[in-house]
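Here's the structure we're looking at; comments come further down.
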Amino acid sequence: MRKYCDICGIEIADTDYDSWYRFISVKYCDECRIDVRKEQKKNSKKKLQVKKRAENAVSREEQRLSEAEYVAQCKTEANRIKEQRSQIREVPSMEQELKRQLRQAQRQIKELENERRQSAADYINLMRRVQELENSK
102 MRKYCDICGI
112 EIADTDYDSW
122 YRFISVKYCD
132 ECRIDVRKEQ
142 KKNSKKKLQV
152 KKRAENAVSR
162 EEQRLSEAEY
172 VAQCKTEANR
182 IKEQRSQIRE
192 VPSMEQELKR
202 QLRQAQRQIK
212 ELENERRQSA
222 ADYINLMRRV
232 QELENSK
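For what it's worth, the numbering used here labels the leading residue of the sequence shown as 102, then goes sequentially.
Given below as structure tokens:
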């Protein structure tokens with residue numbers, strides 16, 4: 102039984118003279134085998150490049166997604182902090198509360214002083230009227 106090169110058609114193996122393994126494994130003559138190997142290497146390099154590009158694209162996309170998730174987490178955290186700040190602003194601090202109470206107390210003191218002065222002035226006017234009435238009798 103004879104076997105011929107798949108590309109050029111030259112006889113490459115014969116069962117009478119070659120081992121069975123050689124007969125099965127050989128597909129091309131020496132010249133065609135060199136050309137086929139070059140082509141296979143070229144194709145494997147192209148496949149490797151395509152694979153690397155695909156991996157890089159996937160890793161870039163994963164990175165973009167992780168960055169987008171990180172940005173979303175940061176935004177939610179920023180919104181939470183803003184809400185906390187607004188709640189803190191709404192609740193007066195102890196210092197602010199004490200200042201408010203101090204202003205209120207000062208206002209009350211002024212009102213009481215004004216009332217006392219008015220009462221003193223009314224008393225003086227009343228005493229003058231009493232003296233005028235006593236003197237006029």
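Yeah, the Cβ is synthetic: ideal placement off N, Cα and C, and Gly gets one too.
Note that the coordinates shown come from a computational prediction; the quantities given were computed from them, not determined experimentally.
Query	Result
If you draw a straight line from the C-alpha of Ala172 to the C-alpha of Arg208, how long is it?	In the sequence under discussion, the amino acid at residue 172 is Val, which differs from the Ala named in the question. Approximately 52 Å, taken between the alpha carbons.
For Ala222, count neighbouring Cβ atoms within 10 angstroms of its own Cβ and tell me buried if that reaches 16, exposed if not.	exposed
Pull up the DSSP beta-bridge partners for Tyr105, would you.	Glu112
I need the straight-line Cα distance from Val151 to Ala158, nearest angstrom please.	10 Å
Kindly confirm or deny that the stretch 166-184 and the stretch 131-149 touch, where touching means at least three C-beta pairs closer than 8 Å.	no
Count the other CB atoms within 10 Å of the CB of Ala114; is the residue buried (16 or more) or exposed (fewer)?	buried
Can you look up Tyr129 in the DSSP assignment and give me helix, strand or coil?	coil
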